[in-house]
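Here's the structure we're looking at; comments come further down.
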Amino acid sequence: MDYEQLPRAALVRMLQEHDAALADAGKNGIVMSYTGRAAPWQIIRQVKPKLHRIIKKVSFGEETAQSENEIWDGENLSAMVTLYKYRGQVDLVVTDPPYNTGEDFRYNDKWDKDPNDPDLGDVVPKDDGSKHSKWLRFMTPRIWMMREMLTPGGVMAICIDHRELFRLGMLMDEIFGEENRIGIINWQKSYSPRSDNKGAAAKTECNT
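The sequence shown begins at 1 in this note's numbering and counts up one residue at a time.
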C-alpha cells in the first residue's frame, strides 16, 4: 500500500484503528481487526445516560422492594451506561442479540460517530458485504459494557446461531480471555425433517 498517496482522513482513520487495537489487546496481544473498528470506550463515553422514570401502573409491592428489583425498557447500551454505578455487582447477564439473518438486524452508520442518533437505521441484508463488520461494531461496545457490569465471578450467556457464532466466540475471547470461556451449549430448535434436499439443515442454536 502506498501510504503517501492516501488522503489525510484515511491515514487518520487507520491510525485510530491501530491505536484502538493496541488499547484493546488482551494480555496475549490477540485482537480482532475489522472495518470501522473503534475502541469500545471511544463509543461508550459518548453515550448519554437516560432519565430513570418509574411507571406506576406496572409497579408492584413496597417502594423499597421496587428499588431493589427493576425491569428496564430501553436501548441496552444507553441503559448500561445509565446503570454504570452498579458495575461489578451483576452476577448473571443473559442477552439475545440479532442473529444477523438478513431480516433481524438494523444498523445506522451514524452510530460510528454518534451512538445517540435515534434513527434505527436500515435492515442489513444478507448480501451486504459489510454485514459482519457492522454486526461486530454493534456488539463490541455492548459486550465490553456487560463485562464491566459483572462481578469477578459473574457469568455471561449469549444466544446466537451459526451465522455469527465464530465471530462472537473470537470477540468474547478477546474481551474476557479464552481461559474464562465455560463452553457452548447446543439446543435443538426443530425436530421435523426438511422438505427440500438443498443441503444440511441448521436445526440448532447456541448459548455461549
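Glycine included, every Cβ here is placed at the ideal spot set by N, Cα and C.
Close beta carbons around residue i, own chain, < 6 Å, minus the five adjacent residues each side
| i | result |
| --- | --- |
| V124 | F105, Y107, K131 and K134 |
| M149 | R87 and V90 |
| N207 | A157, C159 and I185 |
| V93 | M146 and M156 |
| T95 | I158 |
| Q66 | S59 |
Run of the alpha helix (DSSP H) containing residue i, from where it starts to where it stops
| i | result |
| --- | --- |
| V124 | Looking at the DSSP string, V124 is not in any alpha helix (DSSP H), and its letter there is neither H nor E. |
| G169 | L165 to F176 |
| I143 | K131 to M149 |
| I185 | Run containing I185: none in the alpha helix (DSSP H); it sits in the beta strand (DSSP E), I185 to Q188. |
| L77 | N76 to T82 |
Where residue i falls, given that 16 or more other Cβ within 10 Å makes a residue buried
| i | result |
| --- | --- |
| R45 | exposed |
| R8 | exposed |
| L77 | buried |
| M80 | buried |
| I182 | exposed |
| P152 | exposed |
| R53 | exposed |
Whole-angstrom distance between residue j and residue i, CA atom to CA atom
| i | j | result |
| --- | --- | --- |
| V31 | E174 | 6 Å |
| R137 | D2 | 27 Å |
| L15 | R37 | 11 Å |
| P97 | W187 | 17 Å |
Among the options, the one whose alpha carbon lies nearest that of residue i
| i | options | result |
| --- | --- | --- |
| K48 | L6, I71, V12 and P118 | P118 |
| D109 | T35, Q5 and L6 | T35 |
| Q42 | D112, E205 and R181 | D112 |
| W144 | E205, D73 and A39 | A39 |
| R167 | W187, S192 and M139 | M139 |
8 Å CB neighbourhood of residue i in its chain, flanking five on each side removed
| i | result |
| --- | --- |
| N100 | V124, K131, H132, W135, R163 and E164 |
| M170 | M32 |
Residue i - containing beta strand (DSSP E), residue span
| i | result |
| --- | --- |
| T208 | Neither: T208 is in no beta strand (DSSP E) and is coded neither H nor E. |
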